[in-house]
Structures are given as structure tokens and as C-alpha cells.
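In what follows, a structure is listed as C-alpha cells, so that the remarks can point back to it.
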Amino acid sequence: QKEVEQDPGPLSVPEGAIVSLNCTYSNSAFQYFMWYRQYSRKGPELLMYTYSSGNKEDGRFTAQVDKSSKYISLFIRDSQPSDSATYLCALYYGNNRLAFGKGNQVVVIP
Amino acid sequence: DAGVTQSPTHLIKTRGQQVTLRCSPKSGHDTVSWYQQALGQGPQFIFQYYEEEERQRGNFPDRFSGHQFPNYSSELNVNALLLGDSALYLCASSLQGSSYEQYFGPGTRLTVT
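In order, the protein sequence lines correspond to chains A and B.
Per this note's numbering: the first sequence = residues 3 to 112.
Per this note's numbering: the second sequence = residues 4 to 116.
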């Protein structure tokens, strides 16, 4: 079983829709939960990170963590064409490395 | 605020050759990690350097080696290149003790023919 599972299937939404992305994980030792955005042929950009279960908002982005279910989510409200990118979840448990999901390609159609 | 920089942007090498990739961390950061990202995959951890020493290593053969300099910049060396080494190589920097908060550079795209 992989440490972090993220369904890589491309997601196409109309502009203004809510984008919902999620990852599941197997190791309950994970403490920090990150979301990165990666544009084509660029490096990942840290969007936000959370430490505890619950929600964290940053502008149009909301990260949600459910440690009991080992499930994390990212919601993008009022999606824009500029949000078209690959979104990667990354988890950390103190061993100096990030464990990434495969990434979710999102296309926002004007 | 200077972000993470990497050089070169991309390069093409032949099987069996050796390659060196370079990274300068974000201003104020002292820890550098290297990742390999194959097409359509998430980044895979190679190793991390702090205080000029390798602190943690992922599941990569010892053909992959690195170095960190006193100014915190770092190099990734790959010997005896294989076709499967073709990937985007990413450098990330962080502060010691806060390795959950890593900032990535633009990457070096390596093609092995």
C-alpha cells in the first residue's frame, strides 16, 4: 500500500465552480499536511499547510484534514482559469522528507 | 526575497555519462532537499543536506550523491546515467527543524538518451 494515494485523473470544471481534491494516507504518524500547486514544467509552489484536524482557509483555498479517517482535502472556491495546474498533496512526519501523492491535474474552462 | 534557484534549466546526456545539478536555497534557509519527479508522478525524495552532511536518504542507489557547501548551496551528482534517470530534478529548501515547510525551485529537466 502506498503511503499517499491521490487519484490523478484529470478534473475539468467551468470557471466559477468549486474544485474538490483529496488524498488518503496510510501512516497515522503523519503530522503535517501540505498542498502544492505545480504549473506545467515548473516547480511545485507551496499553497498551504495544516497541522491538526479541521479546516484552514486562505483566500479562495480551504484545506481540510480528518486524521481519524486519514483523509485530506483541498477546496478551491470561485475557480479561475489561472487555477489550471496540477495539485499535489504532501505529508510529513518528522523524518525530514515529504511524501507526495501523484498529483491531480485541474483544468478550469472559461 | 530570493527564492530557490537551480541550474541548468535543462540538459541532455547520454547513457553512462555523469551529471551535476546545482541549487541555491531561499534566502535564510539552511537545509536543502533533492527530489526526482518522473512525468505524471509526484516528487520522490532523494536526500537532504544540513550542515554539509547528508541527513536523510530516500530509496535511491548510491549513483546519486550530493554535497552542500558552507553557503548552504548544494549539488546533486548522478553517475552512470540510465534512461530511467530522465526526470525533473527538484531542489527544495527549508529551515532546520521545519522540514515540513519546503520551498521548491523551478527544477532541472534531465533527458538521458
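Beta carbons: idealized from backbone N, C-alpha and C, even for Gly.
Against chain A, does Gly69/B count as a neighbour if the rule is that its beta carbon must be under 8 Å from one of theirs?
For the purposes of this step, residue 69/B is taken as residue 66 along the second sequence, with counting starting at 1. No, because no Cβ of chain A sits closer than 8 Å to the Cβ of Gly69/B.
Which residues in chain A have a C-beta closer than 9 Å to the C-beta of Glu109/B? List them in chain order.
Taking the second sequence and counting its residues from 1, one reaches residue 109/B at position 106. Reading off the sequence, residue 109/B comes out as Pro, not Glu. Correct list: Arg43, Lys44 and Gly45.
Are the C-beta atoms of Arg25/B and some chain A residue less than 8 Å apart?
Position 22 of the second sequence, counted from the first residue, corresponds to residue 25/B. False, the Cβ-Cβ gap to chain A never drops below 8 Å.
Just the Cα atoms here: how many angstroms apart are Phe67/B and Ala92/A?
Residue numbering aside, residue 67/B sits at position 64 when the second sequence is read from its first letter. Residue numbering aside, residue 92/A sits at position 90 when the first sequence is read from its first letter. Cα to Cα, Phe67/B sits roughly 23 Å from Ala92/A.
Short of 8 Å in beta carbon distance, which residues of its chain neighbour Val22/B, apart from the five on each side in sequence? Order them along the chain.
Along the second sequence, one-based indexing puts residue 22/B at 19. Hits under 8 Å: Leu14, Lys16, Asn80, Val81, Leu84 and Leu113.
Looking at Gly18/A and Ser75/A, is the spacing between their C-beta atoms short of 8 Å?
On the first sequence, residue 75/A is found 73 positions in, with the first residue counted as 1. On the first sequence, residue 18/A is found 16 positions in, with the first residue counted as 1. It is not a contact, given that the beta carbons lie outside the stated cut-off.
Is Leu42/B helix, strand or coil when you go by DSSP?
On the second sequence, position 39 is the one that residue 42/B refers to. It is coil, neither helix nor strand.
Are Asn20/A and Ile111/A touching if we call contact CB-CB under 8 Å?
Sequence index remark: in the first sequence, residue 20/A carries index 18 (1-based). Sequence index remark: in the first sequence, residue 111/A carries index 109 (1-based). Rather than Asn, the amino acid found at residue 20/A in this sequence is Ile. Against a cut-off of 8 Å, the Cβ pair of Ile111/A and Ile20/A comes out as no contact.
Nearest-angstrom Cα distance between Phe63/B and Tyr92/B?
Along the second sequence, read from residue 1 onward, the residue named residue 63/B stands at position 60. Along the second sequence, read from residue 1 onward, the residue named residue 92/B stands at position 89. Going by the C-alpha atoms only, they are around 13 Å apart.
Taking the Cβ atom as the reference point for each residue, do Pro10/A and Asn97/A lie within a distance shorter than 8 Å?
As a working mapping, residue 10/A is identified with position 8 in the first sequence. As a working mapping, residue 97/A is identified with position 95 in the first sequence. No, the pair does not count as a contact, with Cβ atoms beyond the cut-off.
Check whether the Cβ of Asn97/A lies closer than 8 Å to any Cβ atom in chain B.
The count along the first sequence starts at 1 and reaches residue 97/A at position 95. For Asn97/A, the answer is yes, since a Cβ of chain B falls inside 8 Å of its Cβ.
Three Cβ pairs or more, each shorter than 8 Å: is that satisfied between the segment 24-38 of chain B and the segment 62-76 of chain A?
Touching, no, given that fewer than three Cβ pairs across the two stretches are closer than 8 Å.
Would you report the Cα separation of Thr12/B and Lys44/A, rounded to the nearest angstrom?
The count along the second sequence starts at 1 and reaches residue 12/B at position 9. The count along the first sequence starts at 1 and reaches residue 44/A at position 42. Taking the straight line joining both Cα atoms gives about 10 Å.
Can you list, in chain order, the residues of its chain whose CB lies under 6 Å from that of Tyr75/B, leaving out five sequence neighbours each side?
One-based indexing of the second sequence puts residue 75/B at position 72. Pro28 and Asp33, listed in sequence order.
Just reading off the beta strand (DSSP E) that Thr52/A is part of, what are its end residues?
As a working note, residue 52/A is residue 50 in the first sequence. That run of the beta strand (DSSP E) goes Glu47 to Thr52.
For Leu100/A, tell me which candidate among Ser22/A, Ser14/A and Asn29/A has the shortest Cα-Cα distance.
Numbered from 1 along the first sequence, position 98 holds the residue referred to as residue 100/A. Comparing Cα positions, the closest option is Asn29/A.
Taking Val35/B as the reference, give the member of Gln99/B, Thr116/B and Val115/B with the closest Cα.
As a working note, residue 35/B is residue 32 in the second sequence. When each option's Cα is compared against that of Val35/B, the closest is Gln99/B.
Compare the C-beta of Gln105/B with all C-beta atoms of chain A and state if any pair is closer than 8 Å.
The residue you call residue 105/B lines up with position 102 of the second sequence. Closer than 8 Å: yes.
Taking the alpha carbon of Glu71/A as the reference point, which residue from Pro12/A, Asn24/A and Val15/A has its own alpha carbon closest?
The sequence position of residue 71/A within the first sequence is 69, counting from 1. In the sequence on display, residue 71/A carries Ser and not Glu. Looking at the Cα atoms, Asn24/A is the closest of the given residues.
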